[in-house]
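Per full-length UniProt numbering, the sequence shown starts with residue 1, numbered consecutively. For glycine and all other residues, C-beta sits at the position ideal for the given N, C-alpha and C.
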Amino acid sequence: MTSSNSSAATSRPKVDPELAASLWKPLLLRGAVALIFGLITVFWTTPQLAVASYLLCAVMVVSGKALFDFGSVDGAPEGMRQALGIGALLSILTGLSVALLQSTFTFAWMGGAGLFLVGLCELWGWVKARKTFIPARELLIPGLVTAGTGLVLMVGNQLDLHGLLGVAGGGHIIVAVFMIIAGISYRFDAK
């Protein structure tokens, strides 16, 4: 009979405490901002376009910064660094364009295209580094969800602003759950 401690210890590979210390902050930052955005969209019954545009801009700019920081940690493979650097730039530029060109069309198409491309960059980073860099595994689900959210925003471009915010917020809540769990896990590994 095997002990439950030995099976639990092998469920998730540990990373170096110094690496974990540099990972948990960008993961928690992205998760917290995504969660706040998602919760606002759930409870916001009468959204205004200007506020919604600035809100999406803020989320995308902060997410871009968090992606850049995640890809810039010591030991990150070059392919992942490039993918996340491009994703970070796309996220920031998309957020700024949605804030400057305020319309539901821009929110759906530019916001959707930006999220789709950022998600693809996360998936590209995952493909490039998943076998050699344990933290790259944190990119799969958020990448799929982000790309999927962007795709649904573009396909559902005829929705009203409340519907578009619902799609964007729902995707961000899912991403938030994975980012917060990963961030907390790395925080404990850093000790």
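Going by C-alpha to C-alpha distance, which of the options sits closest to residue i?
| i | options | result |
| --- | --- | --- |
| D16 | V51, A76, L29 and I36 | A76 |
| L117 | T132, L96, S103 and A83 | A83 |
| G166 | P47, L28, R30 and E18 | P47 |
| A108 | L56, R137 and L39 | L56 |
| L159 | A32, V59 and G112 | G112 |
| F105 | T45, L140 and A52 | A52 |
| A101 | G125, G150 and L49 | One detail in the question is off: residue 101 reads as Leu in this sequence, not Ala. Cα-wise, what sits closest to L101 is L49. |
| W126 | A99, L67 and T45 | L67 |
| P26 | M154, L139 and V98 | L139 |
For residue i, which three-state DSSP category applies?
| i | result |
| --- | --- |
| G75 | coil |
| T146 | helix |
| V15 | coil |
| G125 | helix |
| A168 | helix |
| T10 | In this prediction, T10 has a pLDDT of 48, which is less than 50 and means its spatial position is unreliable; what the coordinates show is noted afterwards. Coil at T10, not helix or strand. |
| L161 | helix |
| L56 | helix |
| K191 | coil |
| F133 | coil |
| S103 | coil |
| P26 | helix |
| G156 | coil |
| Q48 | coil |
If you drop the 5 nearest sequence neighbours on each side, which residues of the same chain put their C-beta closer than 6 angstroms to that of residue i?
| i | result |
| --- | --- |
| Y186 | A20, L23 and W24 |
| G64 | A88, S91 and I92 |
| R81 | G71 |
| V145 | G171, I174 and V175 |
| G95 | C57, M60 and V61 |
Might you give, ordered along the chain, the residues of its own chain that have their beta carbon closer than 7 angstroms to the beta carbon of residue i, omitting 5 neighbours on each side?
| i | result |
| --- | --- |
| C121 | A83, L84, I86, G87 and L90 |
| V42 | G169 |
| A190 | P17, A20, A21 and W24 |
| residue 193 | The chain is shown only over 1 to 191; residue 193 falls outside these bounds and no answer can be derived. |
Excluding the 5 residues preceding and the 5 following residue i in the sequence, name in chain order all residues of the same chain whose CB lies nearer than 8 angstroms to its CB.
| i | result |
| --- | --- |
| T2 | At T2 the pLDDT is 48, less than 50, meaning the model places this residue with poor confidence; the figure from the coordinates comes in the next sentence. Nothing meets the Cβ criterion. |
| L28 | M179, I180, G183, I184 and R187 |
Between residue i and chain D, is any beta-carbon pair separated by less than 9 angstroms?
| i | result |
| --- | --- |
| G150 | Chain labels in this structure do not include chain D; a single protein chain is all it has. |
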